[in-house]
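Residue numbers (my numbering), protein chains in the order written: chain Y, 5 to 206; chain H, 5 to 206; chain P, 5 to 206; chain F, 5 to 206.
In what follows, a single structure is set out as structure tokens and then discussed.
There are 4 protein chains.
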Amino acid sequence: MGNGNSLPTKRKRDPKGTRERLIKAAIELFTTVGFHASTTPLIAERAGIAEGTIYRHFDSKEHLLNEIFRAAVRLLAAQIQEAGKLREFPDRLHAISATWVEIARANPPLIRLVFLTDLGGLLDSNSEAARESILNELEKLMVEGKAAGHVRAGSARIWADVWLRLVILVLERSASGDWPPDHPAPQQVLSSAWSAIASATR
Amino acid sequence: MGNGNSLPTKRKRDPKGTRERLIKAAIELFTTVGFHASTTPLIAERAGIAEGTIYRHFDSKEHLLNEIFRAAVRLLAAQIQEAGKLREFPDRLHAISATWVEIARANPPLIRLVFLTDLGGLLDSNSEAARESILNELEKLMVEGKAAGHVRAGSARIWADVWLRLVILVLERSASGDWPPDHPAPQQVLSSAWSAIASATR
Amino acid sequence: MGNGNSLPTKRKRDPKGTRERLIKAAIELFTTVGFHASTTPLIAERAGIAEGTIYRHFDSKEHLLNEIFRAAVRLLAAQIQEAGKLREFPDRLHAISATWVEIARANPPLIRLVFLTDLGGLLDSNSEAARESILNELEKLMVEGKAAGHVRAGSARIWADVWLRLVILVLERSASGDWPPDHPAPQQVLSSAWSAIASATR
Amino acid sequence: MGNGNSLPTKRKRDPKGTRERLIKAAIELFTTVGFHASTTPLIAERAGIAEGTIYRHFDSKEHLLNEIFRAAVRLLAAQIQEAGKLREFPDRLHAISATWVEIARANPPLIRLVFLTDLGGLLDSNSEAARESILNELEKLMVEGKAAGHVRAGSARIWADVWLRLVILVLERSASGDWPPDHPAPQQVLSSAWSAIASATR
DNA sequence: TATGAATGAGTTTTCATTCAT
DNA sequence: TATGAATGAAAACTCATTCAT
């Protein structure tokens, strides 16, 4: 729907941004129609560049995907690090989910790429490791949360996964616009996610 | 390698079974390597039939996928209906998850097809409706659960989704064999799923 | 030069011969315009088949080349074997060159493929071995020729190569039609080839 | 304005030499990997210049090939002229082959380009004429050799070709390093080449 | 019903060449 | 003169689908 550009017949030079436009077009397509349906002619057209130009910037379509993916993961993982600086365990989880939700609203494709698009078999080992790192970081947090008596008995890894899945639900709906900032659902689900992993402290 | 000859050395006739074998091969491939990587030559080879034979039974590869998908959904949805006959709300949820976990262990591809494989853009409207029906049925259950004071405040639909996502986590690990029947994690996560949606009633 | 076929607009089925026509078209193109200029669309068009059909018969363009090449080499090598049955050394060489010249006249592309077309880097190890086998067989002959006092001092391998190069000159001109059967040059050059390797017997 | 940045970390200026380096890189690549595999990115990289710079010096890749080829042929043809000054016919042939062998050892790519690399279809008419000129010059020599009773009966053109082919064998092996200066084979083959074309006088 | 050779549109990728700087 | 990002036509190859048998 409406990409504002309109350079008909003779596009030739936009002083800067070929690579940026390529990445933007690719991430949008990958996260909407999927990797296979994002053909190189389509990506090029959406980016307003020639098909061959893709290969000046990336070795292959898979390489393009992996580079974009890792950049996205890095951004999200950085938020976990940042939250680690807070004192209280629940505050950390809040901080992470809050920032991620903001990102989901500001940049839905990024969230979709990392959490919603099925990239099975397309990610290289570096990318898989990057993806793992998110769960690993969350797991570390959960270990500390357990030590502080906040988290249920059971594997910290599992609670990291449980919490993440419910957060992803929130991100998904936030990214789609179904749950705008003033909607009550995000808070409800995040609170529910907390209940899912919290120890039944009295 | 073309053995153009015709020495029926191998399999030739299973009077009943061409269609079954085709479906089995397709579901296994779709859920392991994905729809695009499941090429018709590959499906045919795995099913032990000729490529052209696929089109005796299904109009297209997408049609094949959709038929299989709907059959799988129907099976799972039936368990919800079945559980609806039980009196107590929590028992119903237990019954559903328990049966699904059994299915996941007995027939991992089926569970993968419905819950784990990304089929974005490949499902027709009938199939999408079938998929929706699972959430719709769960939602109905949640409505009743709310009426009985078991479920948190908030949209029943949301709690259906929350509960389902955590159950899917269990199904995923059960289907993969990571969590065998005697593993404690399934019970922990299912209990966690209940906490996620349960009202804090005493 | 004029492939006599003429099935316009709607070619569809020629009861037999797809593979044969493909091979014929390929060998003609490889030996006239070269491997790189023999594009798959061109080969297909010349063979009167669809481009994709090439790949039902051969894994790749290189595979196609190698299969054709080896078949051609086998044919030529067989003539050396055959000649080995003759008693006298000079008769053997005569027999080989005579048969090869016949082949060159009857099937110029075959000779071109083996001896004239530059296939550097395109042949797989099997094909290279096949090509070597021609020189190896000739070398064996030369060893016997030396033992019988017919061949000059020096490495038998070298005299095999020397003799072959001059025979190739004859084959080249015979294949091109420059030297028809009644032309004196072939005999002159073959006699010259003999002088090149013959010991200065008194 | 030069290039905006300015960290002359690498090579930058060989005031004289861009064209030379380009030619050197091209001839090496053409004669080792072939014309098609000698891509412009590769040539440019090997020459240490930018891809676009090739087109400052040559209209096209084919043009580049042809210019190089003609320069090489001119060098070799000059040796024939030079040898023409000698009195005796056999000395002339000796002189030519000796100089060429030296060139083959000093500059293998040059010899490969003219005699060994298959350039079918890539040479323009000027280049073809240049290539012909070598045979023409040799033919003239052979005509004189016949007049002096040194050369066999038959077309002088043919004996030029016969002699050349065996000399090429020597050049090939000398260029590859298989036959170093002290190896006996070159003399044997050159003597054999002489036998191939010499009249059976005496 | 089953076959499998044949199809041809479509895919990713390469590369000689151009042109604004 | 030199650069190198951008181009776009063309290459090899794949695969869902058709159809004569």
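We treat Cβ as the ideally placed atom computed from N, Cα and C, and that holds for glycine.
All values reported here derive from a predicted model rather than from experimental measurement.
request  = Could you name the residues of chain Y that Val193(H) contacts, counting a contact when the two beta carbons are closer than 7 angstroms?
outcome  = For Val193(H), the residues of chain Y that pass the 7 angstroms Cβ criterion are Ile162, Val166, in the order they occur in the chain.
request  = Tell me, to the nearest whole angstrom, how far the beta carbon of Val166(H) is from that of Ile201(H); I am working on the premise that it is less than 8 angstroms.
outcome  = 6 angstroms
message = Residues in the same chain with beta-carbon distance under 6 angstroms from Arg161(Y), minus the five sequence neighbours each way, listed in chain order, please.
response = Glu143
request  = With DSSP as the reference, label Ala157(P) as helix, strand or coil.
outcome  = coil
inquiry  = Helix, strand or coil for Ala152(Y)? Go by DSSP, reduced to three states.
reply    = coil
Separation of Leu120(H) from Leu97(Y), as counted between CA atoms = 26 angstroms
key: Pairwise C-alpha distance: Lys150(H) and Ala157(H)   = 8 angstroms
ask   = Using a C-beta cutoff of 8 angstroms, does Arg156(F) count as contacting chain P?
value = yes
ask   = Within 10 angstroms of its Cβ, does Ala116(P) collect 16 or more other Cβ (buried), or is it exposed?
value = Here residue 116(P) turns out to be Arg, not Ala, going by the sequence shown. By the neighbour-count rule (16 or more Cβ atoms within 10 Å), Arg116(P) is buried.
request  = Closer than 6 angstroms by C-beta to Ser101(P): which residues in its own chain qualify, once you throw out the five before and the five after it? Chain order, please.
outcome  = Val171, Leu194
query = Could you give the distance in angstroms between the alpha-carbon of Thr57(H) and the alpha-carbon of Ala76(H)?
reply = 23 angstroms
query = Do Leu127(F) and Asn70(F) have their C-beta atoms within less than 8 angstroms of each other?
reply = It is a contact, given that the beta carbons lie within the stated cut-off.
query = Between the Cα of Asp122(P) and the Cα atoms of Thr35(P), Lys28(P), Ile72(P), which residue gives the shortest distance?
reply = It is Thr35(P).
message = Tell me which residues of the segment 120-148 of chain Y have at least one Cβ-Cβ distance to chain H shorter than 8 angstroms, keeping chain order.
response = The residues in question are Thr121, Asp122, Gly124, Gly125.
query = Shorter than 8 angstroms from the beta carbon of His61(F) to some beta carbon of chain P?
reply = The Cβ of His61(F) sits no closer than 8 angstroms to any Cβ of chain P.
query = Can Ser203(P) and Ala108(P) be called in contact, C-beta distance under 8 angstroms?
reply = No, they are not a contact pair.
key: Whole-Å CB distance - Gln85(H) paired with Trp104(H), under 8 angstroms assumed   = About 13 angstroms separates the two Cβ atoms, so there is no contact after all.
ask   = Taking only runs of the alpha helix (DSSP H) that begin and end inside the segment 68-136 of chain P, which ones reach a length of at least 4 residues, in chain order?
value = 93-110, 112-115
ask   = Among residues of its own chain, excluding the 5 on either side of Val37(F), which ones have a beta-carbon nearer than 6 angstroms to its beta-carbon?
value = none
Identified DSSP bridge partners for Ala202(F) = Val155(F)
ask   = Can the beta-carbon of Ser159(Y) be found closer than 8 angstroms to that of Ala87(H)?
value = no
inquiry  = If the cut-off is 7 angstroms on Cβ atoms, which residues from the segment 31-44 of chain P count as contacting chain F, listed in chain order?
reply    = Val37, Gly38, His40, Ala41
ask   = Who are the near neighbours of Leu68(P) in its chain, counting only those whose CB is closer than 6 angstroms to its CB and skipping five residues on each side?
value = For Leu68(P), where only same-chain residues beyond five positions count, the Cβ hits under 6 angstroms are Ala30, Phe62.
request  = Drop a sphere of 10 angstroms on the beta-carbon of His154(H), count the other beta-carbons inside from all chains shown, and report buried for 16 or more, exposed for fewer.
outcome  = buried
ask   = Given Glu32(F), which residues of its chain have a CB within under 8 angstroms of its CB, disregarding the five upstream and five downstream residues?
value = Residues of the same chain with a CB within less than 8 angstroms of the CB of Glu32(F), apart from the 5 flanking positions on each side, are Arg50, Pro113 in chain order.
task = Go to Phe34(H), then tell me how far its alpha helix (DSSP H) extends in each direction, as first and last residue.
result = 22-36
inquiry  = Give me the residue from Leu175(H), Ala152(H), Lys65(H) with the minimum Cα distance to Phe93(H).
reply    = When each option's Cα is compared against that of Phe93(H), the closest is Ala152(H).
key: Identity of the residue in Asp182(P), Leu79(P), Lys28(P), Arg169(P) nearest Ala197(F) by Cα   = Arg169(P)
Cβ-based burial, Lys89(F) [other Cβ within 10 Å; buried from 16] = exposed
inquiry  = Considering only the alpha carbon of each residue, which of Pro185(H), Lys65(H), Arg25(H), Val174(H) lies closest to Ile53(H)?
reply    = Arg25(H)
message = Could you check whether the Cβ of Arg116(P) sits closer than 8 angstroms to any Cβ belonging to chain F?
response = no
task = Report the neighbours of Arg169(P) on chain F: residues whose CB is nearer than 7 angstroms to its CB, in chain order.
result = In chain order: Arg169, Leu170, Leu173.
key: Close-in-space but distant-in-sequence residues of the same chain around Arg78(F) (CB under 8 angstroms, 5 per side omitted)   = Ala134
inquiry  = Between Ile201(F) and chain P, is the shortest Cβ-Cβ distance under 8 angstroms, so that the two count as touching?
reply    = yes
Which listed residue (Ser42(F), Leu80(F), Asn111(F)) has its alpha carbon closest to that of Ser180(F) = Looking at the Cα atoms, Asn111(F) is the closest of the given residues.
Arg74(H) classed as buried or exposed, judged by whether at least 16 other C-beta atoms fall within 10 angstroms = buried
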